[in-house]
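Single-structure report; data block below.
This is the structure in structure tokens:
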């Protein structure tokens, strides 16, 4: 059961732009002519996306029963989101349709293989529905008005100790800080973020990935995973640190939106299915590889037989390595 905001992504495939970076290839900025008419290649509008919605769809395709706790507006886009989730066999029983409100709508500036997203979260009221039983929760991006939700969710987790939690914080959840979300960090079975996010969460600039892993692990999660884009992912299993390489791309990435969601959700699904942590780490990059071959966060998500076929043909060195 995934918890988080759902939105529509409107992709604008830019034709003319420039990317400027520091000498270390970091802090990159996309630049376009100011006050001009800028041509674009094409547009794609994709409903029912977002970290948690992507995770719910990923879980469904990989064979789990999945549901989404989220908010939508009562506009046409809200209806299209519900239709899309239903088509993906994701239960919408706990999706609240808010009368008189809009559905979250984001603009994705897509240039080369990467993207910059213009985000706006509507001011929804967040609720934890009457859930009778559930084995796993996947908590991710929610809006700035969600602060009061976390104590309620923490209380639910305290009363249901058998329930496991995967936590992939979004932008606003990271801004809230560790103190306000301390109970969520401590209760997490597995935690996901990228390298830059780990530094922001811990309030430091650190090149030593082991220090970042231990810093996050000390907040409470049983398993900690820090991704570093195409470079791969790093993990802490409570005793040792690991590196998992990216799965080889069959061709250059087409568009990278959703690669992190695909990785995190697939690792979580593997654990939910009873596989060990090393196996779960091998699963994640395969779905990321597939997602970046298509537009949007969901089109490339694999079914379980498809993922297993890729795994069967993986390179001999495609294994997590202790670091």
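In my numbering, the protein residues as written are 86 to 408. Note that CB positions come from ideal geometry on N, CA and C, so glycine has one too. Note that the structure is a prediction, hence the values are computed from the model and not measured.
Assigned exposure category for residue i - 16 Cβ within 10 Å defines buried
{"i": "residue 130", "result": "exposed"}
{"i": "residue 289", "result": "exposed"}
{"i": "residue 213", "result": "exposed"}
{"i": "residue 133", "result": "buried"}
{"i": "residue 166", "result": "buried"}
{"i": "residue 408", "result": "exposed"}
{"i": "residue 249", "result": "buried"}
{"i": "residue 281", "result": "exposed"}
{"i": "residue 346", "result": "buried"}
{"i": "residue 243", "result": "exposed"}
{"i": "residue 108", "result": "exposed"}
{"i": "residue 119", "result": "exposed"}
{"i": "residue 369", "result": "buried"}
CB of residue i within 7 Å of CB of residue j, strictly
{"i": "residue 91", "j": "residue 135", "result": "yes"}
{"i": "residue 102", "j": "residue 117", "result": "yes"}
{"i": "residue 221", "j": "residue 87", "result": "no"}
{"i": "residue 253", "j": "residue 349", "result": "yes"}
{"i": "residue 351", "j": "residue 382", "result": "no"}
{"i": "residue 234", "j": "residue 211", "result": "yes"}
{"i": "residue 353", "j": "residue 283", "result": "no"}
{"i": "residue 218", "j": "residue 175", "result": "no"}
{"i": "residue 127", "j": "residue 100", "result": "no"}
Alpha carbon of residue i to alpha carbon of residue j, nearest angstrom
{"i": "residue 311", "j": "residue 318", "result": "6 Å"}
{"i": "residue 405", "j": "residue 393", "result": "17 Å"}
{"i": "residue 400", "j": "residue 335", "result": "12 Å"}
{"i": "residue 275", "j": "residue 307", "result": "6 Å"}
{"i": "residue 279", "j": "residue 385", "result": "21 Å"}
{"i": "residue 321", "j": "residue 366", "result": "11 Å"}
{"i": "residue 364", "j": "residue 106", "result": "36 Å"}
{"i": "residue 156", "j": "residue 402", "result": "43 Å"}
{"i": "residue 374", "j": "residue 309", "result": "21 Å"}
{"i": "residue 247", "j": "residue 226", "result": "24 Å"}
{"i": "residue 291", "j": "residue 371", "result": "28 Å"}
{"i": "residue 159", "j": "residue 152", "result": "20 Å"}
{"i": "residue 340", "j": "residue 195", "result": "8 Å"}
{"i": "residue 203", "j": "residue 299", "result": "32 Å"}
{"i": "residue 302", "j": "residue 286", "result": "12 Å"}
{"i": "residue 177", "j": "residue 154", "result": "8 Å"}
{"i": "residue 207", "j": "residue 186", "result": "8 Å"}
{"i": "residue 390", "j": "residue 143", "result": "13 Å"}
{"i": "residue 141", "j": "residue 231", "result": "20 Å"}
{"i": "residue 305", "j": "residue 267", "result": "8 Å"}
{"i": "residue 294", "j": "residue 324", "result": "15 Å"}
Local conformation of residue i per DSSP, three classes
{"i": "residue 284", "result": "helix"}
{"i": "residue 346", "result": "helix"}
{"i": "residue 139", "result": "helix"}
{"i": "residue 151", "result": "strand"}
{"i": "residue 210", "result": "coil"}
{"i": "residue 218", "result": "coil"}
{"i": "residue 176", "result": "strand"}
{"i": "residue 160", "result": "coil"}
{"i": "residue 252", "result": "strand"}
{"i": "residue 93", "result": "strand"}
{"i": "residue 109", "result": "coil"}
{"i": "residue 259", "result": "helix"}
{"i": "residue 119", "result": "coil"}
{"i": "residue 230", "result": "helix"}
{"i": "residue 295", "result": "helix"}
Proximity test, residue i beta-carbon vs the ligand COA heavy atom, cut-off 6 Å
{"i": "residue 183", "result": "This structure lacks the ligand COA, and indeed carries no ligand of any kind."}
Residue from the options with nearest C-alpha to residue i
{"i": "residue 337", "options": "152, 197, 155 and 123", "result": "197"}
{"i": "residue 205", "options": "188, 271 and 242", "result": "188"}
{"i": "residue 239", "options": "162, 386, 270 and 227", "result": "270"}
{"i": "residue 224", "options": "128, 173 and 256", "result": "256"}
{"i": "residue 332", "options": "325, 148, 138 and 316", "result": "316"}
{"i": "residue 89", "options": "139, 391, 293 and 169", "result": "139"}
{"i": "residue 183", "options": "164, 236, 112 and 377", "result": "164"}
{"i": "residue 260", "options": "119, 229, 277 and 273", "result": "229"}
{"i": "residue 388", "options": "111, 113 and 173", "result": "173"}
{"i": "residue 409", "options": "397, 98, 344 and 396", "result": "As displayed, the chain neither begins before 86 nor continues past 408, which places residue 409 out of reach and without an answer."}
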